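> Can you read through this structure? Questions will come right after.
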Amino acid sequence: MDGSLARAVADLGAWLRLAPLLTEYLPFPERALRPSALAALLDEVLVGNRTVLVELGSGPSSVVLARLLARRGFGRLLSIEHDERWAAFVNLQLRREGLHHLVRVVHAPLTPHPAALDGLPWYSPTLVRDEVTAYVERFGLIDLLLVDGPDLPTAPPAPTTPSAPLGEGNPGLVRYPAMPVLRGALAPGASLLVDDVEASAAVLNRWADEYGTTFRRSPTSGLAHCVLAPV
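Sequential numbering of the sequence shown, starting at 1, is according to full-length UniProt numbering.
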């Protein structure tokens with residue numbers, strides 16, 4: 001079975017598993033988690049008993065996660081989203097379903113960031129700092145972080161070269177700041193999940209070198225997963 005067929009079969013099985021939580025229509029844009037990745041995320045929330053969740057990049061996963069947390073009866077989610085229109089839609093959908101008390105969706109525009117590489121943008125540093133600090137103070141350290149944003153290029157990025165001008169290096173490194181910014185807010189044993197495993201390879205490799213993370217990479221779901229050791 002080739003890779004594309006294996007992914008299609010996995011996604012079909014995931015749709016069947018997700019059916020109890022697909023209580024009303026949601027748009028699933030191309031940027032959203034694959035169904036098999038979403039099912040793997042929900043499995044980790046339940047089996048790992050994760051309760052303080054953060055996702056970088058909002059979408060249908062935010063709403064489905066909220067439905068799961070509501071049915072389970074505990075847990076909170078902070079979602080950081082750079083697209084103002086999409087953040088507004090997710091917030092509206094959560095309010096329509098009476099789930100807004102479980103999820104905070106924050107619109108954080110992409111700006112220059114001190115932790116970014118090659119001059120690439122990341123979420124507004126002040127907004128992220130303030131939101132994550134308030135969230136952790138209220139609910140405790142983060143025990144699951146999903147890195148699904150900012151959006152990655154659709155084509156494989158060109159390798160960064162020493163002569164590349166600022167901001168024109170490897171765009172596949174755009175998600176790099178997630179670890180240097182949020183590592184101190186992650187609980188010992190927290191789960192770290194990263195979507196778009198192939199396009200995120202440069203980020204995963206750098207984190208492995210700098211933080212000693214060992215990721216299990218699934219080409220079928222497109223997710224990479226690791227459990228963080230104590231700092």
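Virtual Cβ for every residue (Gly too), placed ideally from N, Cα, C. Since the structure is predicted, the reported quantities are computational estimates derived from the model, not experimental observations.
Would you mind working out which of Pro150, Val105 and Pro121 sits nearest valine 132, comparing C-alpha positions?
Taking the sequence shown and counting its residues from 1, one reaches residue 132 at position 132. Closest by alpha carbon: Val105.
> Does the count of Cβ pairs from the region 40-55 and the region 82-95 closer than 8 Å reach three?
no
> Excluding the 5 residues flanking valine 103 on each side, which residues of the same chain have their C-beta closer than 7 Å to its C-beta?
Indexing the sequence shown from 1 puts residue 103 at position 103. Within the same chain, valine 103 has close Cβ partners Ser62, Ala66, Leu77, Ser79 and Leu94.
> Any idea what DSSP makes of alanine 115, helix, strand or coil?
For this step, residue 115 is matched to residue 115 along the sequence shown. Three-state DSSP puts alanine 115 in coil, outside helix and strand.
> With distances taken Cα to Cα, identify the nearest neighbour of valine 47 among Ser124, Ala190, Leu56 and Val197.
The count along the sequence shown starts at 1 and reaches residue 47 at position 47. If we check each option's Cα against that of valine 47, Ala190 comes out closest.
> If contacts are defined as beta-carbon pairs under 8 Å, then proline 150 and arginine 175 qualify, I think. What distance do you get, rounded to the angstrom?
If you number the sequence shown from 1, residue 150 lands on position 150. If you number the sequence shown from 1, residue 175 lands on position 175. Proline 150 to arginine 175, Cβ: 7 Å. Contact.
> Run through DSSP, which three-state label would leucine 26 get?
The residue labelled residue 26 in the question sits at position 26 within the sequence shown. Coil.
> Which residues in the same chain as alanine 68 place their Cβ atom closer than 7 Å to its Cβ, once the five residues preceding and following it in sequence are excluded?
The count along the sequence shown starts at 1 and reaches residue 68 at position 68. Before going on, a small fix: residue 68 reads as leucine here, not alanine. Result list for leucine 68: Leu21, Leu42 and Val45, in chain order.
> Nearest-angstrom Cα distance between glycine 3 and serine 218?
Along the sequence shown, read from residue 1 onward, the residue named residue 3 stands at position 3. Along the sequence shown, read from residue 1 onward, the residue named residue 218 stands at position 218. Cα to Cα, the separation comes out at about 11 Å.
> Let me check one thing: in DSSP terms, what residues is tyrosine 176 bridge-paired to?
Within the sequence shown, the letter at position 176 stands for residue 176. The partner list for tyrosine 176 (beta bridge, DSSP) is empty, contrary to what the question assumes.
> Can you look up arginine 138 in the DSSP assignment and give me helix, strand or coil?
Start at 1 with the first residue of the sequence shown, and residue 138 comes out as number 138. In the displayed model, arginine 138 falls within a helix according to three-state DSSP.
> Quick one: residues in its chain with C-beta nearer than 6 Å to the C-beta of arginine 72, no 5 flanking neighbours on either side, listed in chain order?
As a first step, residue 72 must be located in the sequence shown, where it is residue number 72. Closer than 6 Å at the Cβ level, and outside the excluded window around arginine 72, lies no residue.
> Let me know the secondary structure DSSP gives proline 121 once reduced to three states.
Along the sequence shown, one-based indexing puts residue 121 at 121. Of the three classes helix, strand and coil, the one that applies to proline 121 here is strand, per DSSP.
> For valine 106, report the span of its beta strand (DSSP E) as first-last.
In the sequence shown, counting from the first residue as 1, residue 106 sits at position 106. Looking at the DSSP string, the run of the beta strand (DSSP E) that includes valine 106 is 103-107.
> Quick one: using the 10 Å Cβ neighbour count with 16 as the cut-off for buried, is alanine 202 buried or exposed?
Translated into positions along the sequence shown, residue 202 becomes position 202. Label assigned to alanine 202: buried.
> By Cβ distance, which residues of its chain are closer than 8 Å to glycine 212, with the 5 residues on each side in sequence left out?
Locating residue 212 in the sequence shown gives position 212, where the first residue counts as 1. Around glycine 212: Ala229.
> Taking the C-alpha atoms as reference points, what is the distance between proline 188 and glycine 13?
Walking along the sequence shown from the start, residue 188 turns up at place 188. Walking along the sequence shown from the start, residue 13 turns up at place 13. Rounded to the nearest angstrom, the two C-alpha atoms are 32 Å apart.
> For leucine 16, count neighbouring C-beta atoms within 10 Å of its own C-beta (all shown protein chains included) and say buried if the count is 16 or more, exposed if not.
In the sequence shown, counting from the first residue as 1, residue 16 sits at position 16. Under this definition leucine 16 is an exposed residue.
> Considering only C-alpha positions, which residue in the set Glu24, Val9 and Gly57 is nearest to proline 35?
Position 35 of the sequence shown, counted from the start, is the residue given in the question as residue 35. The shortest C-alpha separation from proline 35 is found at Val9.
> From which residue to which residue does the alpha helix (DSSP H) around serine 221 run?
Locating residue 221 in the sequence shown gives position 221, where the first residue counts as 1. Taken as a continuous stretch (DSSP letters only), serine 221 belongs to no alpha helix (DSSP H), as it is neither H nor E.
> Any idea what DSSP makes of glutamate 55, helix, strand or coil?
Position 55 of the sequence shown, counted from the start, is the residue given in the question as residue 55. Note: glutamate 55 maps to strand in three-state DSSP.
> Tell me, to the nearest whole angstrom, how far the beta carbon of leucine 146 is from that of leucine 56; I am working on the premise that it is less than 8 Å.
Position 146 of the sequence shown, counted from the start, is the residue given in the question as residue 146. Position 56 of the sequence shown, counted from the start, is the residue given in the question as residue 56. That pair is a contact at about 7 Å.
> Quick check for students: name the residue ranges of the alpha helix (DSSP H) that lie wholly in the region 34-98, counting only runs of 4 or more.
35-47, 60-72 and 84-96
> Please report how far the alpha carbon of serine 221 lies from the alpha carbon of alanine 32, in whole angstroms.
Numbered from 1 along the sequence shown, position 221 holds the residue referred to as residue 221. Numbered from 1 along the sequence shown, position 32 holds the residue referred to as residue 32. Approximately 12 Å, taken between the alpha carbons.
> Among the candidates Val90, Arg7, Phe28 and Phe74, whose CA atom is the shortest distance from the CA of arginine 50?
The residue labelled residue 50 in the question sits at position 50 within the sequence shown. It is Phe74.
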